[in-house]
Structure formats: C-alpha cells, structure tokens
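Take a look at the structure below.
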Amino acid sequence: MVRFLARSFAVPGNHLGQQSNGYRWPYGPVAIITPFNFPLEIPLLQLMGALYMGNKPVLKVDSKVSIVMEQMLRLLHKCGLPKEDVDFINSDGITMNKLLMEAKPQMTLFTGSSRVAEKLAADLKGRVKLEDAGFGWKILGPDVQEVEYVAWVCDQDAYACSGQKCSAQSMLFMHENWDSTKLISMMKGLAERRKLQDLTIGPVLTVTTESMMEHINNLLQIPGSKLLFGGEPLIDHSIPKIYGAMQPTAVFVPIEEILKENNFALVTKEIFGPFQIVTQYKQDQLNMVLDACERMHAHLTAAVVSNDQLFLQEVLGRSVNGTTYAGMRARTTGAPQNHWFGPAGDPRGAGIGTPEAIKLVWSCHREIICDIGPLPKNEICGWKLVTVLLKYGLMK
C-alpha cells in the first residue's frame, strides 16, 4: 500500500501524442534531525517516510536517546533493509551542522527548538522542513460542562511527560463562565498528586530548575499576576543540576497584561517543562484572545473546548494552528495517532503521521510532458512555412 503514496497522474495534451504526467519525486540525499522527547516515534516515522518516497537519508537523533534508533536500525537490517540505504550519525549539534553545510542535502527535516530551526533555515538556504517549538494554547468556551473531565484533560495536556511535548498545553484561556466552577482547584489537586516515586513528574532535560524559577519570578512581576499552584523545586531527589526538577506549575496573568508589548514575549516564552500560563477573558474579550493566538510565533497545536457551534466557528475561522482539536473533548496532546500532526501557516512546516505528511515532507512535484508525435501532415504550420521560405531564399 505504501507505493500508492507516490501515485502519479496524467492529463491529455493539445494534440495526438502529447500528455503531461505529474509525479511525486524524491529529493535524493536528505537529512533527518529529531529530538529527545519521542526517541522512537518521530525518527522512525520520518525515516520510513523518507525511505518510502525513495530518498537516501542521514539520521541524527538527540544523543541522549539515540541508542533507541540505533537498535531500531539493527532490527530493520534484520528485516531486510539494505545497510547502505540509511546513514546514522551520533554527534553533537555543531558537528551535525558542519556535516550539513559540507554535504548540502537536498532537504533537511528538523524537529526541535525554534532557535535551531531558524539557524538551519538560514544555513541551508531554506531547504528545510520544520516542526519546531509549539506554544500550545487551549480556549475554554462559554458553555460550561463536564468540569471534572476538562480539568483532567488540562492536567494531562500540561503536565504529562513533565510537560516535555511540543504539543503541551502552554496557555489556558478560560471564559469567565468557568470562574464560578471548581476547575482551577481540581487542576491544582490533580497537579499536586504527581510525584517522582511513580514518575508522574520527572526530570526536565532541557531547562534547569534555576531557569524555570527565574521565569516564574519574572512573570510574577507583571501587575495582576499570581501563582495558582506549584512554583517550587522538587525535593528529596537525586536529579543532577544540569536538569530541571519542578513541581507542576501554573501562573495566572491577566489577558490585558498579556497583550502589552513589553509582556508578550515573556508570557509566550515556551518552557519545555511542567509549566503553563492561565488567563481569563470576558464575553466581549474574545477578540483579545484571538489576537494573542495570532501573535504567537508557533502555530502547532491548539484546543477549543466547546460544543457551541457558533463559538467554534468563530475561533476556528480566525486561528491557524495546524493540529487543532475542537469540542468538549478537545485536547492539545493527542498526536500523532490517527491524524496529521504539524504546524500551519508556514511554507516550511513539516507534518507527521499521515500519507499527506509523507508526501509533503519527503517528495516534490515533477511534471514530465511527453510529446512523441506524429508530426502534422498536409497542414500549413509555422515550422513547415519557415522551411519553405528558407528553401527558396525568401527568408534569411
């Protein structure tokens, strides 16, 4: 079934013997760079997609977890994958960047931080597909229902895997109707039950405790902001200081303050750990919420928790996130299981998890126009007229 990803098409031409054929065409030499947080899923899906479409990839996985894909490659070799079809490299980022600059792959797929993504886009002159940082937002609509369930999903979205998902819930926009419910207290209770002993909270691999504490303290300088829960380092652990160890944390910041020019970058800074911003909006402040969502750098995942069709229509029509859940069961971290996962609104955006993603990322369109004849006979046509004129010296 995989070969159907490369299905071509044909269109009749202007005359007998002419036909245009559209093909999905491989890039050839490509590179795949993937992060630590999904050590099997992301590199394996992208690697197999690259191979299915006929490319020759070099694969680099974050060195902290690269042993997973090393073993997967050994399994693929055992299952018949020719060893020369994939190159696998263990290196730091500087070495990999040097390899890319010298090897000049036709296309590089990068999944990871926005900072590195933008550097690669410049270094490789745009020959990239990116699935970079995701500052996932969730909007709770005016129709309050299933509070306990919504609280549980919010907890899972924000704090599962210690928040180390690009799809994690980073900001919660709560309609004023939810203020009279026990939503926040339920979220607090669910967050406080997480502990190291059962690994419902754990080390943060890319942000130190000090950095997270500094970020929280900076947010609390904003007028009207307050700590809802968490905000303290974990205790009684042996996690090295190069990693983070934080309680699941939520900080409230007023919507009016979020939109201020001097606050926006701080509030929307992605913390790849167990942390989220919570805010509240009134019925007539939806435009402010949508303005905030539009101004965010990353447009990866989002959720609109509502069964109000007019509300959903308004929000979905004025937002752009590539993977958006809508409805009372909406979440931000459900991918990729049965749908596309990737950003929207950026021509460099990569996808994963679907046939469309494989075709978009790992192939380009090529058109071959076949024009085999026959030549026209007994017709007055341009080429025949030129031949006659030249023959009789009537044209120089």
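Going by my numbering, the sequence shown opens with residue 7, and the numbers climb by one from there.
C-beta: ideal position from N, C-alpha, C; glycine also.
Per DSSP, the bridge partner or partners of residue i
i           : result
residue 115 : 38 and 135
residue 229 : Answer by DSSP bridge pairing: none, since residue 229 is not bridged.
residue 29  : 372
residue 287 : 181
residue 355 : 136
residue 24  : 377
Three-state class that DSSP yields for residue i in the structure shown
i           : result
residue 185 : helix
residue 172 : coil
residue 101 : helix
residue 261 : helix
residue 63  : strand
residue 272 : helix
residue 164 : helix
residue 78  : helix
residue 206 : coil
residue 158 : helix
residue 331 : strand
residue 235 : strand
residue 247 : coil
residue 151 : coil
residue 336 : coil
residue 252 : strand
residue 347 : strand
residue 278 : coil
residue 393 : helix
residue 365 : helix
residue 2   : Residue 2 falls outside the range modelled here, since the chain spans only 7 to 402, and no answer is possible.
residue 401 : coil
Expected contact under 8 Å - CB spacing of residue i and residue j to nearest Å
i           : j           : result
residue 193 : residue 166 : 13 Å between Cβ atoms; not a contact.
residue 253 : residue 236 : 4 Å
residue 138 : residue 118 : 7 Å
residue 23  : residue 380 : 6 Å
residue 101 : residue 39  : Between residue 39 and residue 101 the Cβ distance is about 12 Å, and since that is not below 8 Å, they are no contact.
residue 141 : residue 287 : With a Cβ gap of about 17 Å, residue 141 and residue 287 do not count as contacting.
residue 283 : residue 259 : 6 Å
Nearest-angstrom Cα separation, counted from residue j out to residue i
i           : j           : result
residue 273 : residue 121 : 17 Å
residue 45  : residue 51  : 11 Å
residue 339 : residue 328 : 13 Å
residue 299 : residue 285 : 13 Å
residue 248 : residue 241 : 16 Å
residue 9   : residue 360 : 14 Å
residue 375 : residue 159 : 53 Å
residue 297 : residue 205 : 37 Å
residue 63  : residue 91  : 7 Å
residue 363 : residue 135 : 11 Å
residue 337 : residue 95  : 35 Å
residue 28  : residue 400 : 43 Å
residue 14  : residue 373 : 10 Å
residue 5   : residue 109 : Lying before the first or after the last residue shown, residue 5 is absent from the chain, which here runs from 7 to 402.
residue 215 : residue 281 : 12 Å
residue 233 : residue 270 : 18 Å
residue 348 : residue 186 : 35 Å
residue 221 : residue 126 : 27 Å
residue 331 : residue 169 : 18 Å
residue 311 : residue 88  : 47 Å
residue 106 : residue 37  : 8 Å
residue 47  : residue 171 : 13 Å
Bounding residues of the beta strand (DSSP E) (the contiguous stretch that carries residue i)
i           : result
residue 311 : 307-311
residue 18  : 15-18
residue 122 : No beta strand (DSSP E) contains residue 122, which is instead part of the alpha helix (DSSP H) from 120-129.
residue 379 : It is not in any beta strand (DSSP E) - residue 379 carries neither H nor E in the DSSP assignment.
residue 94  : 93-95
residue 146 : 142-146
Residue i, enclosing alpha helix (DSSP H) - first and last residue
i           : result
residue 48  : 47-58
residue 298 : 292-301
residue 71  : No alpha helix (DSSP H) holds residue 71; DSSP gives it neither H nor E.
residue 44  : Neither: residue 44 is in no alpha helix (DSSP H) and is coded neither H nor E.
residue 323 : 315-323
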